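Colleague:
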Amino acid sequence: KTLSTGTKNILYGAHFPSSTNGFAVGEEGTFAKSSDGGYTWSELFTGIFQTYYGVWFLDNNTGWIAGDSAVILKTTNGGVSWNDQNSRSEETLNSVYFLNSSRGWAVGDFGTILATTNGGTLWSPQIVSSFTSFLKIRFANDQVGWVTGYGGEIFRTTNGGATWVEQFSGTTQAIYALEVIDANTVFATGDFGTLLKTTDGGENWNLIPNDFFERFYGLTFSSASTGWAVGDEGIVVLTTNGGSTWTRVNC
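In my numbering, the protein residues as written are 2 to 252.
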């Protein structure tokens, strides 16, 4: 079933902190909210007309969005009002992630990784030996996390981002999405049907054979065995065996 947010602007990110409450962001300052599992949406004004690419909510009230011109906004009332946080960066930010109300990260163009330990009041850069555009960041806990980007680049930290070490992904395709099951098991998706999995924290990334050619932008798992990847031309693929095989789903 096709659901409408009510906007004709491109949407670049979405996050559901619960089964009923969801948030979506996109071009020209678009921010939309649903409280019925995505069946209906309402647009809220953020006060800024930058394009947003990343969104993350801890619960139904507290969340962050990030995008062009290094903008990071925080809300504590479900998007009714927003506070502009000083990222102290100039690069476009493509993804934002918070482990809890204090610890968070944002990533973006030219190898940008930003971190905060106080909910975004102060953001500080983390050093990584790359100038790629990072597209997604996720953590398993307060120490272990990954960033992915163009050219198949994957970096892992085991000390909360103090240092980042590149891992061999086995692909040169852009990697748009990450799903961290735990500190060992991680999935990633990207261009031209790229589906990746590691079960040893990224020491070895395995390309999952498939016959898909679409670009996968989104990835989510409801358990270690069941997950979905979505992308170009409305494609949705499903795995029920931990990523060993994927099947196209008709929507």
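C-beta: ideal position from N, C-alpha, C; glycine also. A quick note: this is a predicted structure, and the numbers were derived from the prediction, not measured.
Terminal residues of the continuous beta strand (DSSP E) containing residue 218?
Modeller: 217-222
Colleague: Just confirm the distance between the C-beta atoms of residue 114 and residue 94, as a whole number of angstroms; I'd bet it's less than 8 Å.
Modeller: About 10 Å; that fails the 8 Å criterion.
Colleague: Over the uninterrupted beta strand (DSSP E) stretch that includes residue 20, give me the two end residues.
Modeller: Premise fails: residue 20 is in no beta strand (DSSP E) and is neither H nor E.
Colleague: Looking at the structure shown, is residue 85 part of a helix, part of a strand, or coil, going by DSSP?
Modeller: strand
Colleague: If we ignore side chains and look at the alpha-carbon of each, how far apart do residue 23 and residue 247 end up?
Modeller: 26 Å
Colleague: May I ask you to list the residues that DSSP assigns as paired with residue 197?
Modeller: 189 and 208
Colleague: So, under 8 Å CB-CB, residue 99 and residue 105 are touching, yes? Tell me the CB distance rounded to an integer number of Å.
Modeller: 4 Å
Colleague: For the beta strand (DSSP E) that contains residue 66, what are its first and last residues?
Modeller: 64-68
Colleague: Assess, as a yes-or-no matter, whether the region 192-206 is touched by the region 149-157 under the definition of 3 or more beta carbon pairs within less than 8 Å.
Modeller: yes
Colleague: Suppose the cutoff is 8 Å on Cβ atoms and the five residues either side in sequence are ignored; what does the same chain contact list for residue 7 look like?
Modeller: 33, 42, 43 and 44
Colleague: Between which two residues does the beta strand (DSSP E) carrying residue 98 extend?
Modeller: 94-99
Colleague: Out of 47, 49, 18 and 50, which has the shortest C-alpha to C-alpha gap to residue 39?
Modeller: 18
Colleague: Is the beta carbon of residue 219 closer than 9 Å to that of residue 67?
Modeller: no
Colleague: In or out: residue 225 buried (at least 16 other Cβ within 10 Å) or exposed?
Modeller: exposed
Colleague: Starting from residue 1 and walking both ways along the beta strand (DSSP E), at which residues does that stretch end?
Modeller: Absent from the model: residue 1. The displayed extent of the chain is 2 to 252, so no value can be given.
Colleague: Give me the Cβ distance between residue 75 and residue 121, rounded to the nearest whole Å; I'm assuming they're in contact under 8 Å.
Modeller: 5 Å
Colleague: Quick check: the Cα distance between residue 149 and residue 169, rounded to an integer number of angstroms?
Modeller: 11 Å
Colleague: So for residue 151, helix, strand or coil by DSSP?
Modeller: helix
Colleague: Measure how close the beta-carbons of residue 29 and residue 50 come, nearest whole angstrom, since I'm counting them as under 8 Å.
Modeller: Correct: roughly 6 Å between the Cβ atoms.
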